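Engineer: Before anything else, here's the structure in question.
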Amino acid sequence: SEFAARLNKMEVDRQNLAEAVTLAERKYSEEKKKVDELQQQVKLHRSSLESAKQELVDYKQKATRILQ
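The sequence shown begins at 638 in the working numbering and counts up one residue at a time.
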């Protein structure tokens, strides 16, 4: 009957939407993991940069003392 056909179509649509939501959630989770990893890398590189800046300051001060 028409009702059964419509009901069946709605069930198929619901299942497709459920699969799409599951896929979107999985992609979101993967992207969030990538973002977290990149943020950790940024923190690490910032720390390395600060160390390099301090090393340069120390080097310049030492060079200035030597040249005086």
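For every residue, glycine included, the Cβ atom is placed at its ideal position computed from N, Cα and C. Being a predicted model, the structure only gives us computed values, none of them experimental.
Which runs of the beta strand (DSSP E) at least 3 residues long sit entirely within the region 638-691? Give them in chain order.
Structural biologist: Entirely contained in the region 638-691, not one beta strand (DSSP E) run reaches 3 residues.
Engineer: What is the rounded straight-line gap between the Cα of residue 642 and the Cα of residue 649?
Structural biologist: Going from the Cα of residue 642 to the Cα of residue 649 covers about 11 angstroms.
Engineer: At least one CB of chain B closer than 7 angstroms to the CB of residue 696: is that the case?
Structural biologist: This model lacks chain B altogether; it includes just one protein chain.
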